[in-house]
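Visitor:
Residue numbers (the numbering used here): -18 to 132.
1. When DSSP labels each residue in this structure, what does residue 26 get in the three-state scheme?
2. Locate the alpha helix (DSSP H) running through residue 46, then write down its first and last residues.
3. Along the beta strand (DSSP E) that carries residue 83, what are the first and last residues, could you check?
4. Does the beta-carbon of residue 49 have 16 or more other beta-carbons within 10 angstroms, so that it is buried, or is it exposed?
5. Measure the CB-CB distance between residue 36 and residue 0 and report whether it falls below 8 Å.
6. Assign residue 140 to buried or exposed, taking buried as 16 or more other Cβ atoms, counted over all protein chains shown, within 10 Å of its Cβ.
7. For the beta strand (DSSP E) holding residue 8, just list the boundary residues, first then last.
8. Please report the Cβ distance between residue 15 and residue 45, rounded to the nearest whole angstrom; I am assuming they are in contact, meaning their Cβ atoms lie under 8 Å.
9. Could you check whether the segment 73 to 84 touches the segment 24 to 41, counting it as contact only if at least three pairs of C-beta atoms, one from each stretch, sit closer than 8 Å?
10. So the candidates are 32, 24, 69 and 9; which of them puts its Cα closest to the Cα of residue -7?
11. Quick one: measure Cβ to Cβ for residue 65 and residue 76, integer angstroms, because I've assumed they're closer than 8 Å.
12. Just reading off the beta strand (DSSP E) that residue 134 is part of, what are its end residues?
13. Between which two residues does the beta strand (DSSP E) carrying residue 69 extend?
14. Mapping the DSSP letters down to three states, classify residue 31 as helix, strand or coil.
15. Answer with buried or exposed for residue 94, where buried requires no fewer than 16 other C-beta atoms within 10 angstroms of its C-beta.
16. Using a 10 Å radius around the Cβ and a threshold of 16 neighbouring Cβ atoms, would you call residue -9 buried or exposed?
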């Protein structure tokens, strides 16, 4: 039987990212995001539901998230679901979290300051290489007859 565990989410952070380092020095960040769903009931009443999702981000992405994201930031997350179980005060607890493979920042690329504001100058973006020259026209041996087109 085939299995698939893939998640794609877009939402907003409900708090600033929390980064910690494992004993091995590997960075890990915990993000909490809210995903809103708007719909109309059968009677035509507008409703909105919010789903809160915990996300775990690893390695350089964890550090980058802490540097550039803050509460309210809009992000796209691609990853997989992870089921966690533990016991607290004799009570069994569990939750689903998203283990992020990739996160994309959907807001402007401004750098976060101590006050949480975006400064006037955003980090520079890498320049794309010059576009390739466009062909000047069809090859010399191409026929202009539309009856010879394969579609």
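Ideal placement from N, C-alpha and C gives every residue a C-beta, glycine not left out.
Guide: Checking against the coordinates, here is how it stands:
1. coil
2. 40 to 49
3. 72 to 86
4. buried
5. no
6. Residue 140 lies beyond the range of the chain shown here (-18 to 132); nothing can be said about it.
7. 8 to 21
8. Not really, about 21 Å apart at Cβ, beyond 8 Å.
9. yes
10. Ranking 32, 24, 69 and 9 by Cα distance to residue -7 puts 32 first.
11. 5 Å
12. In the structure displayed, the chain extends from -18 to 132; residue 134 sits before or after that span and is not available.
13. Counting along the chain, the unbroken beta strand (DSSP E) around residue 69 starts and ends at 55 to 69.
14. strand
15. The predicted position of residue 94 is uncertain, since its pLDDT is 43 and thus under 50; a value taken from the coordinates is nonetheless stated next. Answer is exposed; the Cβ neighbour count stays below 16.
16. exposed
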